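Peer 1:
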Amino acid sequence: MKEQASALDALQRRLGHNFRDPALLALALTHPAAAEAEAEATGNNQRLEFLGDAILQAVLSHELYQLFPDDREGDLTTKRSLLVRGSSLAALARSLDLGPNLITSRRGSTPKPQPGEEEGTTSPATKAESIRHDPAQTDSANEDALEALIGAVFLDAGPTAARRVIHRLFGDLADRLRHLTSADNPKGRLQELVQPLHGNDALAYVVTATRGRPHDREFEIEVRLHGHTLGKGTGLSKKEAGEDAARRALERWSDEQTARAEIAALTAG
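If you're matching positions, the sequence shown starts at 35 in the working numbering and goes up one per residue.
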């Protein structure tokens, strides 16, 4: 019991909010797969998830509206979608270490021994299988719990507290969007860096090698700026190889300022 209380205290510190009503925290952490006895005692986090999702969308929409005054509705929607997609929220949830605190039907239970295993003992393979099927290990469970926590904070302390937690989780939205865009669309991100200085057509993706049989090809592509190679990539298609080349080009630079300075120095000649 002490360990659980200590873990929840640590979670609240990471979240940046101490719950006045601990029952709301417990409810936010209760997965729908929780054992019946646990679910009867606390319910599950689905209603809080519904509330938290709406609050998160509203707060981020407001922030993006202010941060990008020249963006059209579609551009703002695209940015918000990047921020709230499942993988993004699951990553934030894991940064809080939510998984070990989720209440599910499998948490605290011992995997059933397989044939040939003694009662009370489990092989590493059985333990691994149990973990693999543990709802708390899935992206969707972590994403849902994060939204439920935001809903719980809103009910516990109001909209200002919920907004503060969201700001703490997401940090600088412009920086986060740059990171997400680079990972999701490296060619687009590289184009954004190059276009203001060199125009729309300055980048060239050049196939430098093709290996393998016609039905099993591997392509090697270089992305070049005025003849200067920025990155080399490989892939099973030209699209994949081009994206890999752009990604490797972006990895050259530690930050946007360094990238723009180097790109500005590369002139046609």
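Ideal placement from N, C-alpha and C gives every residue a C-beta, glycine not left out. As the structure is a computational prediction, the values presented were derived from the model and not from experiment.
Under 8 Å Cβ to Cβ from Q46, same chain only, skipping five residues before and after it: list those, please.
Peer 2: Reading the sequence shown from its first residue, position 12 is the one you call residue 46. For Q46, where only same-chain residues beyond five positions count, the Cβ hits under 8 Å are N52, F53 and L59.
Peer 1: CB-CB under 6 Å to K272, same chain, minus the five flanking residues each way: which ones, in chain order?
Peer 2: For the purposes of this step, residue 272 is taken as residue 238 along the sequence shown, with counting starting at 1. Hits under 6 Å: F253.
Peer 1: From the DSSP output, in three-state form, read off H262 for me.
Peer 2: Position 228 of the sequence shown holds residue 262. The answer is strand: DSSP assigns H262 an E or B state.
Peer 1: Roughly how many angstroms separate the alpha carbons of T268 and D278, rounded to a whole number?
Peer 2: For the purposes of this step, residue 268 is taken as residue 234 along the sequence shown, with counting starting at 1. For the purposes of this step, residue 278 is taken as residue 244 along the sequence shown, with counting starting at 1. Between T268 and D278, the C-alpha separation is close to 6 Å.
Peer 1: Expressed to the nearest angstrom, what Euclidean distance is found between the alpha-carbon atoms of Q291 and L227?
Peer 2: The residue labelled residue 291 in the question sits at position 257 within the sequence shown. The residue labelled residue 227 in the question sits at position 193 within the sequence shown. About 10 Å.
Peer 1: Using three-state DSSP, classify R119 as helix, strand or coil.
Peer 2: Here residue 119 refers to the residue found at position 85 of the sequence shown. R119 falls in the coil class under three-state DSSP.
Peer 1: What is the residue span of the alpha helix (DSSP H) that R282 lies within?
Peer 2: The count along the sequence shown starts at 1 and reaches residue 282 at position 248. Unbroken alpha helix (DSSP H) run through R282: K272 to L284.
Peer 1: When the Cβ atoms of the segment 76 to 95 are set against those of the segment 178 to 193, are three or more pairs found closer than 8 Å?
Peer 2: Enough Cβ pairs lie closer than 8 Å, so yes.
Peer 1: Put T242 into one of helix, strand or coil per three-state DSSP.
Peer 2: Along the sequence shown, one-based indexing puts residue 242 at 208. Looking at T242 - three-state DSSP - the assignment turns out to be strand.
Peer 1: Pairs of beta-carbons, one from the segment 186 to 193 and one from the segment 234 to 251, closer than 8 Å: are there three or more?
Peer 2: The answer is no - the segment 234 to 251 does not touch the segment 186 to 193, with fewer than three Cβ pairs under 8 Å.
Peer 1: Confirm, please, whether the CB-CB distance from L231 to I297 is below 8 Å.
Peer 2: Counting from one through the sequence shown, the residue named residue 297 turns up at place 263. Counting from one through the sequence shown, the residue named residue 231 turns up at place 197. Yes, these two residues count as a Cβ contact at 8 Å.
Peer 1: R282 and G265: beta carbons closer than 8 Å?
Peer 2: In the sequence shown, residue 282 corresponds to position 248, counting from 1. In the sequence shown, residue 265 corresponds to position 231, counting from 1. Contact flag set, yes.
Peer 1: What is the C-beta distance between L90 and I200, in whole angstroms, given that I count them as a contact (C-beta under 8 Å)?
Peer 2: As a first step, residue 90 must be located in the sequence shown, where it is residue number 56. As a first step, residue 200 must be located in the sequence shown, where it is residue number 166. That pair is a contact at about 6 Å.
Peer 1: Assign R202 to buried or exposed, taking buried as 16 or more other Cβ atoms, counted over all protein chains shown, within 10 Å of its Cβ.
Peer 2: On the sequence shown, residue 202 is found 168 positions in, with the first residue counted as 1. The residue in question, R202, is exposed, as its Cβ has fewer than 16 Cβ neighbours within 10 Å.
Peer 1: Could you pull out every residue in the same chain whose Cβ sits closer than 8 Å to the Cβ of R210, ignoring the five residues on either side in sequence?
Peer 2: As a working note, residue 210 is residue 176 in the sequence shown. Within the same chain, R210 has close Cβ partners L117 and F204.
Peer 1: Using the Cα positions of G222 and L214, report the straight-line distance between them to the nearest angstrom.
Peer 2: Along the sequence shown, one-based indexing puts residue 222 at 188. Along the sequence shown, one-based indexing puts residue 214 at 180. C-alpha separation (whole angstroms): 12 Å.
Peer 1: Measure the alpha-carbon distance for P66 versus E83 and round it to whole angstroms.
Peer 2: Your numbering for residue 66 matches position 32 in the sequence shown. Your numbering for residue 83 matches position 49 in the sequence shown. Approximately 11 Å between the Cα atoms of the pair.
Peer 1: With D104 as the anchor, note down where its alpha helix (DSSP H) starts and where it stops.
Peer 2: Position 70 of the sequence shown, counted from the first residue, corresponds to residue 104. Careful: D104 lies outside any alpha helix (DSSP H) and carries neither H nor E.
Peer 1: Let me check one thing: in DSSP terms, what residues is G269 bridge-paired to?
Peer 2: Residue mapping note: residue 269 aligns to position 235 of the sequence shown, counting from 1. Looking at the DSSP assignment, G269 forms a beta bridge with F253.
Peer 1: Check each candidate in T112, A217 and A88 and name the one with the smallest Cα separation from L98.
Peer 2: Indexing the sequence shown from 1 puts residue 98 at position 64. Nearest of T112, A217 and A88 to L98, Cα basis: T112.
Peer 1: What residues in its chain sit with their C-beta under 7 Å from that of T301, if we drop five residues either side in the sequence?
Peer 2: The count along the sequence shown starts at 1 and reaches residue 301 at position 267. Contacts found: H260.
Peer 1: For T111, which of helix, strand or coil comes out of DSSP?
Peer 2: As a working mapping, residue 111 is identified with position 77 in the sequence shown. Helix at T111.
Peer 1: Hey, Q225 and L207 are a contact pair by Cβ (cut 8 Å); roughly how many whole angstroms apart?
Peer 2: Position 191 of the sequence shown holds residue 225. Position 173 of the sequence shown holds residue 207. The Cβ separation is near 21 Å, so there is no contact.
Peer 1: Here's a check: name, in chain order, each residue in its chain whose Cβ is nearer than 6 Å to the Cβ of R294, leaving out the five neighbours to either side.
Peer 2: The count along the sequence shown starts at 1 and reaches residue 294 at position 260. Nothing listed; no residue qualifies.
Peer 1: Who are T64's beta bridge partners in DSSP?
Peer 2: In the sequence shown, the residue the question calls residue 64 occupies position 30. Bridge partners of T64: I137.
Peer 1: Return the chain-ordered list of same chain residues with a C-beta closer than 6 Å to the C-beta of W287, the five sequence neighbours on each side being excluded.
Peer 2: By 1-based counting over the sequence shown, the position of residue 287 is 253. Correct list, in chain order: A293.
Peer 1: Would you call the CB atoms of A179 and A127 closer than 8 Å?
Peer 2: Sequence index remark: in the sequence shown, residue 179 carries index 145 (1-based). Sequence index remark: in the sequence shown, residue 127 carries index 93 (1-based). Result yes, Cβ atoms of A179 and A127 sit closer than 8 Å.
Peer 1: Return the chain-ordered list of same chain residues with a C-beta closer than 8 Å to the C-beta of D218, the five sequence neighbours on each side being excluded.
Peer 2: To locate residue 218, count along the sequence shown from 1; it is residue 184. So the list reads L116, once near-sequence residues are dropped.
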